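In my numbering, the protein residues as written are 7 to 914. Read through the structure below, which is laid out as structure tokens, and then see the notes.
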């Protein structure tokens, strides 16, 4: 099999030589090829071809016609092949023919291979393999040939079997959002397949869409009665019953989140507060929140974690946890919206489906929890406003929150109760030390009393002393008490504990390198950081940072997640004081610069994997003190942006200009693909405010803001920003950048219906790009030119341009460019009433954009599909497409969501 040929049968039958599509000739030739591909290398007899082409009434010359069609296909696959030559692609074996194909050359074999791998795996990796397999389908097998051959139906059956298996795997893995769009499409293709429809109900329910699932059941029940005269079967009824019975276990239900930090192995005391909590829960069945307050270091977090573990069995749907950082400085405090976004992700809601507005996020969170019994632990709350949106509302869930001050706003809130945590009693303090130090405590009660007095009965101080004592073999308790008699931490006074003496006792035991890193950690923009960020801050290797963090973690740090670290607020304040005392300003400034360099270079590397239309200028490595992070692929880059979004946003607002504008622009595609257009505007505007007199950077930021305006439907605002950018680029003589501006103006003029102007700007852009040898830019401009031609009724010219642009984008590996070209190519087919081609190519665009994780663009294509159905009087199909588009975009800050809802309302 020549490696240059490839074939597709999972949708319209197609073939390519390299990247050039082959004209497959007549319908009969395409049918012959379709059957060969459906056999995937297996033999097909001449008699089977005759039955396929003529069914019950073949002409006398049927066999000769088959041979002639086969010969013509051979020469299409191998140009220049002599007449009657056997060739090496389509081979004759007696009265049979076979197509030489393998997994690399035909989509059906790739699909089967991926499904087999997925079936042998488990968890989310298996679900992703199913997703890749199902993304190969563009429509029904061999669609467009108007035949109902059983071979093609059997291949279609493989697809629906894979969809069912993928859904089961996704339900078990807790990631139904990954397969839900594919499942919806399959359920629409097979509306009477009860197994598929049952899984759709379970998936919708698992994704927090119970109301939609109930509506879908009513629709299925009506269709079965109307078309088949039957009632839903047992599997479908069981799925319906699961929706109605909130407490029933869901078949194949995903594992619930289990985010509680580990319980402290030496937890002691607090029996009176534990009993009070238990009594509140027993007395008031409506209890929805227990808010624990107490001074810093009194053990609120340890107590709340222990209480949560005691109660966890009562909440079978899992536990969520967030450190709200309520007493950190400035932007480091976690907003309720940030906490809700994290919780909704953990509950399986797709990022693009999370609303932008706080009240909508809170409403969605309450809707999801209404069907569950969950325990939510909120640590370090600042005030009632920070936590009130995170309460579960109706249902059986419980919030346990901690705060260093009394929360006053909850008075009068039904189901919310406060608990106060005081210092340990003397007996509890002795018990804590005994649990850690053993028999030595009972042997020297006087020394233990001195240690307790020095620690002020504060659990944090006692725990640090015990940990440090264990690390010094042979140290007697009187010696411990003597060493504690020194210094105190400024700002905290001596009312409860000589904290500085206790902290310094642990600090002095550190190696010099670990002590230096400890002093530098408060310079990180946020309270929590990753190991690579700590390495950059300390100017050490990643391996070195792991060793130092492990040394610190034994006494002075906590690890809230894999490869992430955080220190107690009091220790952070102590470390900051030490840093100001022992490290000069230049050393501290160098540490801040290194960590900003790390985030800047990492953001640059991540943004390249998102395939930006206009990549950032490559940084000069000689201008940076550290290296950035490497990423394994697009998904890893997107996950990093999501995890570090708050840190990156903080750096943009506070960093030196170069890091600010480069990080802001690197986040642009992440914001675009997750439909966070308002956040995009805020971050780039913050960078623009700090950029100073760097004219080129200022122009790039204006152009980025124009993009945010475009997606927010503020076209006039976008033109204002583009005009700012154009003036600067013209003055600097940056022709490629001028080309991007001209092309952006063309996009806006297209949306405004000013097609002649759009074509003029696109032509100007293409000329600028071609003069600079910029193929990607020239192809993007060609796409805008084609759109203008199509809108002006010059469809033949538009189609030719689209085909050229599609080929060039594929060569560049530009998924967004490929998907956009497919979408507009389909639109042009629809304009000339070639609806079969239009629908097939629109489906290709949907698959491309979903593969790129671009929810907004996927929704745009689905809206176009729905509009086409509506224009042709197919109201039910239109509503399905629009609903699917809304599912891609639900609640984002894209104005398109409102437009889709208007369409749905108007179609009733």
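For every residue, glycine included, the Cβ atom is placed at its ideal position computed from N, Cα and C. Bear in mind the structure is a predicted one, so any value in this text is a computation, not a measurement.
With a cut-off of 8 Å on the beta carbons, I'd call residue 797 and residue 787 a contact; round off their distance for me. Translated into the one-based positions of the chain shown, residue 797 becomes position 791. Translated into the one-based positions of the chain shown, residue 787 becomes position 781. No, residue 797 and residue 787 are not in contact; Cβ-Cβ is about 16 Å, not under 8 Å.
Can you give, in chain order, each stretch of the beta strand (DSSP E) that sits fully within the region 65–144 and has at least 3 residues? Those beta strand (DSSP E) runs which fall completely within the region 65–144 and span 3+ residues are 96–99, 102–105.
Closest by CA to residue 371, which one among 386, 385, 389, 343? For this step, residue 371 is matched to residue 365 along the chain shown. For residue 371, the nearest C-alpha among the options comes from 343.
State the CB to CB distance for the pair residue 658 and residue 645, rounded to an integer number of angstroms; the pair is presumed to be in contact (CB under 8 Å). Sequence index remark: in the chain shown, residue 658 carries index 652 (1-based). Sequence index remark: in the chain shown, residue 645 carries index 639 (1-based). Contact doesn't hold; Cβ gap of about 20 Å is too wide.
Taking 8 Å as the threshold (C-beta atoms), are residue 468 and residue 516 in contact? Looking up residue 516 in the chain shown gives position 510. Looking up residue 468 in the chain shown gives position 462. Their beta carbons are not under 8 Å apart, which means residue 516 does not touch residue 468 by this criterion.
Since residue 145 and residue 599 are thought to touch, with beta carbons under 8 Å apart, how far apart are those beta carbons, to the nearest angstrom? Working through the chain shown from its first residue, we reach residue 145 at position 139. Working through the chain shown from its first residue, we reach residue 599 at position 593. Wrong, their Cβ atoms sit about 54 Å apart, outside the cutoff.
Where do the ends of the alpha helix (DSSP H) carrying residue 931 lie? Outside the shown range of the chain (7 to 914) lies residue 931, about which nothing can therefore be said.
Spatial distance of residue 503 from residue 556 (CA atoms): Counting from 1 along the chain shown, the entry for residue 503 is found at position 497. Counting from 1 along the chain shown, the entry for residue 556 is found at position 550. Because the pLDDT at residue 503 is just 45, under 50, the model does not fix this residue reliably, and the point stays unresolved.
Which word fits residue 187, buried or exposed, when buried means at least 16 other C-beta atoms lie within 10 angstroms of its C-beta? As a first step, residue 187 is located in the chain shown; it is residue number 181 there, counting from the start. When all chains shown are included, residue 187 counts as buried.
Per DSSP, residue 51 is paired with what? Locating residue 51 in the chain shown gives position 45, where the first residue counts as 1. For residue 51, which the question treats as bridged, DSSP gives the partners 102.
Is residue 411 helix, strand or coil by DSSP? Within the chain shown, the letter at position 405 stands for residue 411. It is coil, neither helix nor strand.
Any 3 or more C-beta pairs closer than 8 Å across the region 377–391 and the region 320–335: yes
Would you kindly work out how many angstroms separate the C-alpha atoms of residue 84 and residue 30, rounded to a whole number? As a position in the chain shown, residue 84 is number 78, starting the count at 1. As a position in the chain shown, residue 30 is number 24, starting the count at 1. Rounded to the nearest angstrom, the two C-alpha atoms are 12 Å apart.
Give me the Cα-Cα distance between residue 760 and residue 783, rounded to the nearest whole angstrom. Here residue 760 refers to the residue found at position 754 when the chain shown is read from its first residue. Here residue 783 refers to the residue found at position 777 when the chain shown is read from its first residue. In this structure, the straight-line span from the alpha carbon of residue 760 to that of residue 783 is close to 22 Å.
Buried or exposed by the 16-neighbour rule on C-beta atoms within 10 Å, applied to residue 131: Counting from 1 along the chain shown, the entry for residue 131 is found at position 125. By the 10 Å Cβ count, residue 131 comes out exposed.
Find the nearest neighbour of residue 208 within the set 237, 230, 197, 243, judged by alpha-carbon distance. Locating residue 208 in the chain shown gives position 202, where the first residue counts as 1. Here the closest residue by C-alpha is 243.
Where does residue 155 sit, in a helix, a strand or coil, going by DSSP? On the chain shown, position 149 is the one that residue 155 refers to. Shown here, residue 155 sits in coil according to DSSP, grouped into three states, outside any helix or strand.
For residue 641 versus residue 607, is the C-beta spacing smaller than 8 Å? Sequence index remark: in the chain shown, residue 641 carries index 635 (1-based). Sequence index remark: in the chain shown, residue 607 carries index 601 (1-based). No. Outside cutoff.
Pairs of beta-carbons, one from the region 564–574 and one from the region 621–637, closer than 8 Å: are there three or more? Cβ pair count under 8 Å is below three, so no.
Starting from residue 426, follow its DSSP beta bridges and name the residues at the other end. What you label residue 426 is simply residue 420 of the chain shown in a count that begins at 1. According to DSSP, residue 426 bridges with 299.
Could you name each continuous beta strand (DSSP E) segment of 3 residues or more that falls completely within the region 17–49, going from the start of the chain to the end? 20–23
For residue 831, which residues in the same chain have their Cβ closer than 6 Å to its Cβ, ignoring the five residues on either side in sequence? For the purposes of this step, residue 831 is taken as the residue at position 825 of the chain shown. For residue 831, where only same-chain residues beyond five positions count, the Cβ hits under 6 Å are 808, 847.
By how many angstroms is the C-alpha of residue 460 removed from the C-alpha of residue 493? Position 487 of the chain shown holds residue 493. Position 454 of the chain shown holds residue 460. Note that residue 493 has pLDDT 38, beneath the 50 cutoff, so the model's placement of it is unreliable and no number is given.
When you compare each of 765, 702, 26, 711 to residue 736 by their alpha carbons, which one comes out closest? Here residue 736 is taken as the residue at index 730 of the chain shown, counted from 1. Ranking the options by Cα distance to residue 736, first place goes to 702.
The alpha helix (DSSP H) spanning residue 352 covers which residue range? One-based indexing of the chain shown puts residue 352 at position 346. Where residue 352 is concerned, the enclosing alpha helix (DSSP H) stretches over 342–352.
With H, G and I counted as helix, E and B as strand and the rest as coil, what does DSSP make of residue 497? Taking the chain shown and counting its residues from 1, one reaches residue 497 at position 491. Interpretation of residue 497 is limited by its pLDDT of 35, a score under 50 that renders its predicted location unreliable; the figure taken from the coordinates is listed afterwards. DSSP, reduced to helix, strand and coil, places residue 497 outside both helices and strands of the structure shown, so it counts as coil.
Under the assumption that residue 185 contacts residue 172 (Cβ atoms under 8 Å), give the Cβ distance between them as a whole number of angstroms. Mapped onto the chain shown, residue 185 falls at position 179. Mapped onto the chain shown, residue 172 falls at position 166. Contact holds; Cβ gap of about 5 Å.
Please report the Cβ distance between residue 821 and residue 858, rounded to the nearest whole angstrom; I am assuming they are in contact, meaning their Cβ atoms lie under 8 Å. Sequence index remark: in the chain shown, residue 821 carries index 815 (1-based). Sequence index remark: in the chain shown, residue 858 carries index 852 (1-based). About 4 Å separates the Cβ atoms of residue 821 and residue 858, confirming a contact at the 8 Å cut-off.
Separation of residue 707 from residue 778, as counted between CA atoms: Taking the first residue of the chain shown as position 1, residue 778 is located at position 772. Taking the first residue of the chain shown as position 1, residue 707 is located at position 701. One C-alpha to the other measures close to 22 Å.
Please state whether DSSP places residue 236 in a helix, a strand or coil. Reading the chain shown from its first residue, position 230 is the one you call residue 236. It is coil, neither helix nor strand.
Look at the Cβ atom of residue 266, then the Cβ atom of residue 297, and state whether they are nearer than 8 Å. The residue given as residue 266 occupies position 260 in the chain shown. The residue given as residue 297 occupies position 291 in the chain shown. Taking 8 Å as the Cβ cut-off, residue 266 and residue 297 do not qualify as a contacting pair.
Helix, strand or coil at residue 869 according to DSSP, with G and I counted as helix: As a working note, residue 869 is residue 863 in the chain shown. Here residue 869 sits in helix by DSSP.
Which residue marks the beginning of the beta strand (DSSP E) containing residue 574, and which one marks its end? In the chain shown, residue 574 corresponds to position 568, counting from 1. Run containing residue 574: none; DSSP gives neither H nor E here.
Close-in-space but distant-in-sequence residues of the same chain around residue 546 (CB under 8 Å, 5 per side omitted): If you number the chain shown from 1, residue 546 lands on position 540. If we look at residue 546 and ignore the five residues flanking it on each side, its Cβ neighbours are 519, 523, 554.
Endpoints, alpha helix (DSSP H) assigned at residue 314: Stepping through the chain shown from its first residue, residue 314 is reached at position 308. Looking at the DSSP string, the run of the alpha helix (DSSP H) that includes residue 314 is 306–317.
Any idea if residue 226 is buried or exposed, counting beta-carbon neighbours within 10 angstroms, 16 or more meaning buried? Numbered from 1 along the chain shown, position 220 holds the residue referred to as residue 226. By the 10 Å Cβ count, residue 226 comes out buried.
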